[in-house]
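So in the numbering used here the end of the sequence shown lands on 318, straight run, no missing numbers.
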Amino acid sequence: MFPLNRNRRLRSTQSIRSLVQETSVTPKDFQAPLFVVEGENKKEEIASMPGYFRYSLDLLSKEVKEIWQLGIGSVLLFVKVEENLKDNAGKEAVNPDGLMQRAIKTVKNAVPEMLVMTDVALDPYSKYGHDGIVENGRIVNDASVEALAKMAVSHAQAGANFVAPSDMMDGRILIMRQALEQEGFENTGIMSYSAKYASAFYGPFRDALDSAPVDAKDIPKDKKTYQMDPANRSEAIREAQMDIEEGADIVMVKPGLCYLDIVRDLKNAVNAPISVYQVSGEYAMIKAAGEKGWLDENAVMLEQITAIKRAGADFMATYFAKDAAKLLQ
Ligand code: PBG
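1. So V83 is in the alpha helix (DSSP H); what residue range does that whole segment cover?
2. Could you spell out where the beta strand (DSSP E) holding Q20 opens and where it closes?
3. G236 and R166 - do their beta-carbons sit closer together than 8 Å?
4. Shortest alpha-carbon distance to K213 belongs to which of F67, G173 and H119?
5. Which residues in the same chain have their Cβ closer than 7 Å to the Cβ of D254, if we skip the five residues on either side of it in sequence?
6. With distance defined between alpha-carbon atoms, name the residue in T12, N257, P22 and E27 nearest to D88.
7. Compare the beta carbon distance of Q20 and A197 with 8 Å and say whether it is the shorter of the two.
8. To the nearest angstrom, report how far apart K32 and T95 are at their CA atoms.
9. Can you give me the Cβ contacts of Y272 inside the same chain, cut-off strictly under 8 Å, excluding the 5 residues immediately before and after it?
10. My output table needs one value for M241: the three-state DSSP class, helix, strand or coil.
11. Using 7 Å as the cut-off, classify the Cβ of S133 as near or not near the heavy atoms of the ligand PBG, replying yes or no.
12. By the 10 Å Cβ neighbour count, where 16 or more other Cβ atoms means buried, how is V9 classified, buried or exposed?
13. Can you grab the Cα-Cα spacing for the pair N84 / Q90, in whole Å?
14. Given a cut-off of 8 Å on the beta-carbon distance, is the pair K185 and M157 in contact?
15. Following a CB-centred definition, is G28 positioned closer than 7 Å to any heavy atom of the ligand PBG?
16. Per DSSP, which one or two residues make a beta bridge with M217?
17. Heavy atom of the ligand NAP less than 7 Å from the Cβ of V268, yes or no?
18. Pull up the DSSP beta-bridge partners for Q267, would you.
19. Would you please state the rounded distance, in angstroms, between the beta carbons of L111 and S143? I believe it to be under 8 Å.
20. For F194, verify whether its CB is less than 7 Å away from any heavy atom of the ligand PBG.
21. Skipping 5 residues on each side, what residues in its chain have a beta carbon closer than 6 Å to that of L163?
22. State the Cα-Cα distance for the pair A189 and V289, rounded to the nearest angstrom.
Next up, the structure:
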């Protein structure tokens, strides 16, 4: 008696494995997050993200050209805001000469074809480290949405191709879409962080931007009243469907690895491109285990980004964008 099927035949050589491979990842699937800081000649390594840096604008151009040359066509911009410019309402967020607005122009000057997406949320600008405006110990929804819509328009004016609201306030996509249309930015897209979980994996990012919720009286210590409960699944579908109805072009799931069931749920339930954010804590874990010699960093990284794609992501934001692109060449 012999087995009727020998699945190992399809695994026996690299050539046959390549032919039957179901998922492939290319540099085109990546979006590179970029952290920008005020000043000159600054390339500051983020302590909890070894090998990842904050760049001043003069060094940003070179980095952007390198990213483009590796075949990566999009960046996602974040800024580290000076402490004295922070307030509760995020006034600096709409400064036409602000760091974000100048960063957008710097990227576009360096590589005009680079697709520029910008993070829209108040936390880097908030003296309380929250994504919206804080009043009486609560993050108020509608006033925050108004501020975020103005922020989105300001990014569009500076030349952003897409805005990426990461704040998780209710109704923000609709108000943002309307504001963009009203100001003549009908071609500026919206990538919504639709299923964004209240995750402990954002720690290193908050170090990078110094944007963690502050520890003070009457200030919520976490973001659980707006970001989603990691225990919830059907709610993610509802969030994504609502965002699409409100005008989102792309919906995102964040973080990546722990939420790949959600990615597949959305893939089955909604008809829009899906992006995944492999976040700072995921990067830090792989780096740390790699440094210790406990895991093969590159192999684990490629396995994870392949899994993200296999789960249903059309593309992903990842701090490994450059490293992975180099390995895939
Ligand atoms: C801001 C924002 C965060 C991230 C992206 N946009 C942090 C947060 O919500 O606290 C996290 C990204 C990462 O961890 O890599 N709203």
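Ideal placement from N, C-alpha and C gives every residue a C-beta, glycine not left out.
It should be emphasised that the depicted structure is a prediction, and the values quoted were computed from it without experimental measurement.
According to the structure shown:
1. Per DSSP, V83 belongs to no alpha helix (DSSP H) and is neither H nor E.
2. F19 to V26
3. Their beta carbons are under 8 Å apart, which means R166 touches G236 by this criterion.
4. H119
5. R222, A225 and I226
6. It is worth fixing the name first, because residue 88 is Leu in this sequence and not Asp. Of T12, N257, P22 and E27, the residue nearest in Cα terms is E27.
7. no
8. 16 Å
9. M38, Y41, P193, T307, Y308 and F309
10. strand
11. no
12. exposed
13. 8 Å
14. Taking 8 Å as the cut-off, the Cβ atoms of K185 and M157 count as close.
15. no
16. Residue pairing by DSSP places M217 opposite Y186 in a beta bridge.
17. Although the ligand NAP was asked about, the structure shown includes only the ligand PBG as ligands.
18. T307
19. Their Cβ separation, rounded to whole angstroms, is 13 Å, which puts L111 and S143 out of contact at 8 Å.
20. yes
21. E235
22. 21 Å
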